[in-house]
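Enquirer: Here it is, the structure in full.
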Amino acid sequence: MTLSLIIGNKNYSSWSMRPWIAMKATGIEFSEQVISLNAPDFKARVGKVSGTGKVPVLSDGDVHVWESLAIIEYLAEKFPKAGLWPSAPRARGYARAVATEMHGGFMPLRRHLPMNMWRPVLPRPLPEEVVANVRRIEHIWTDCRTRFGQGGRFLFGPFGAADAMYAPVVSRFHTYAVEVSGVAREYMTAIMALPAWAEWYAAAVKEPWVLPEDEVDWPTVLRA
Ligand SMILES: N[C@@H](CCC(=O)N[C@@H](CS)C(=O)NCC(=O)O)C(=O)O
Numbered sequence: 006m007t008l009s010l011i012i013g014n015k016n017y018s019s020w021s022m023r024p025w026i027a028m029k030a031t032g033i034e035f036s037e038q039v040i041s042l043n044a045p046d047f048k049a050r051v052g053k054v055s056g057t058g059k060v061p062v063l064s065d066g067d068v069h070v071w072e073s074l075a076i077i078e079y080l081a082e083k084f085p086k087a088g089l090w091p092s093a094p095r096a097r098g099y100a101r102a103v104a105t106e107m108h109g110g111f112m113p114l115r116r117h118l119p120m121n122m123w124r125p126v127l128p129r130p131l132p133e134e135v136v137a138n139v140r141r142i143e144h145i146w147t148d149c150r151t152r153f154g155q156g157g158r159f160l161f162g163p164f165g166a167a168d169a170m171y172a173p174v175v176s177r178f179h180t181y182a183v184e185v186s187g188v189a190r191e192y193m194t195a196i197m198a199l200p201a202w203a204e205w206y207a208a209a210v211k212e213p214w215v216l217p218e219d220e221v222d223w224p225t226v227l228r229a
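Here's what the structure looks like:
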């Protein structure tokens, strides 16, 4: 039975990107269905399978899993060879901690720098609480790369769940020209070099739907 993932707009839906890129980058096969967050029938369609009425939601036969991190956990159990979590307990504990920190935190950053893939790279002044989020994320990336990243270009070496959770943050930092130090910048380059990233990006910039609440230059819509 093929896995099926319902996601929102590739241009804007950062939560959708997380399980999508986790599956693409580790070779887990699935079919996708994109429903724009502003579609009139969004709630009716998504609500049939998602407890929260939100995307992303993964269906595996009659098993339906919503919440991005729960989906990634489901995938990690079903596809252990995908290596979504590091095999070493110390690294795995750390990876789960930073993934959960992303899932439950960084609200100022998420509000102020919405994911918007088609916006040209342009800086945006950052309030103090957003700068604090940026510095924490920069520390997480640098710390993970330094302690655990020897086996590859990602947080714990090979691409995994923690990278999937932070991929949309890479997009935000890129779009709003957020300055980060060398190790964090190299990490961003590695994420943006993934074929899965290119595939998501190519589809995102072609989407027709504009969501004013995620366009920080509104009423202007800047499209690269
Ligand atoms: N904590 C959830 C967040 C899901 C979420 O907020 N999804 C947004 C799109 S990025 C959504 O479905 N919004 C539509 C709505 O709230 O009606 C997760 O990790 O999946």
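Per our numbering, the sequence shown starts with residue 6, numbered consecutively.
The beta carbon of each residue, even a glycine, is placed where N, CA and C say it ideally should be.
The structure presented is a predicted model; accordingly, all values stated were derived computationally and were not measured.
Does the beta-carbon of ARG116 have 16 or more other beta-carbons within 10 angstroms, so that it is buried, or is it exposed?
Expert: Result: exposed.
Enquirer: According to DSSP, simplified to helix, strand and coil, what is VAL103?
Expert: If DSSP states are grouped into helix, strand and coil, VAL103 belongs with the helices.
Enquirer: Assess, as a yes-or-no matter, whether the stretch 119 to 128 is touched by the stretch 186 to 201 under the definition of 3 or more beta carbon pairs within less than 8 Å.
Expert: No contact exists between the stretch 186 to 201 and the stretch 119 to 128.
Enquirer: Mind pulling the beta strand (DSSP E) runs of 3 or more residues that sit fully within the stretch 33 to 86?
Expert: DSSP runs (the beta strand (DSSP E)) wholly in the stretch 33 to 86: 35 to 39, 62 to 65, 68 to 71.
Enquirer: Residues in its own chain within less than 7 Å of PHE161 by CB, not counting five upstream and five downstream?
Expert: Here the set comprises PRO91, ALA96, ALA100, CYS149, PHE153, GLY154, ALA167.
Enquirer: For the alpha helix (DSSP H) containing SER19, name the first residue and the last one.
Expert: Looking at the DSSP string, the run of the alpha helix (DSSP H) that includes SER19 is 19 to 31.
Enquirer: Alpha helix (DSSP H) containing LEU114: first to last residue?
Expert: 112 to 117 is the span of the alpha helix (DSSP H), which, as asked, contains LEU114.
Enquirer: On the CB-based measure, 16 or more other CB atoms within 10 Å of its CB, does PRO224 come out buried or exposed?
Expert: When all chains shown are included, PRO224 counts as exposed.
Enquirer: Using 7 Å as the cut-off, classify the Cβ of GLU72 as near or not near the heavy atoms of ligand 1, replying yes or no.
Expert: Yes - ligand 1 has a heavy atom lying nearer than 7 Å to the Cβ of GLU72.
Enquirer: Could you check if HIS108 belongs to the surroundings of ligand 1, using beta carbon to heavy atom distance under 7 Å?
Expert: HIS108: yes, Cβ under 7 Å from ligand 1.
Enquirer: In three-state DSSP terms, what is PHE161?
Expert: Looking at PHE161 - three-state DSSP - the assignment turns out to be coil, as it is neither helix nor strand.
Enquirer: Take ASN16 and list the residues in its own chain whose beta-carbon comes closer than 6 Å to its own, dropping the five residues that flank it on each side.
Expert: Same-chain partners within the cutoff: MET122, TRP123, ALA209, GLU212.
Enquirer: Let me see if you follow: with CB-CB separation under 8 Å, is LEU80 close to chain D or not?
Expert: No chain D appears in this structure, which consists of one protein chain only.
Enquirer: Could you tell me which residues DSSP puts in a beta bridge with LEU8?
Expert: DSSP output for LEU8 lists PHE35 as bridge partner(s).
Enquirer: Find out if the Cβ-Cβ distance for the pair TRP214, ILE26 is shorter than 8 Å.
Expert: No.
Enquirer: Residues in the same chain with beta-carbon distance under 8 Å from THR105, minus the five sequence neighbours each way, listed in chain order, please.
Expert: Excluding sequence neighbours, THR105 sits near LEU74.
Enquirer: For GLY187, does the count of other Cβ atoms within 10 angstroms reach 16, so buried, or fall short, so exposed?
Expert: Exposed, since its Cβ has fewer than 16 Cβ neighbours within 10 Å.
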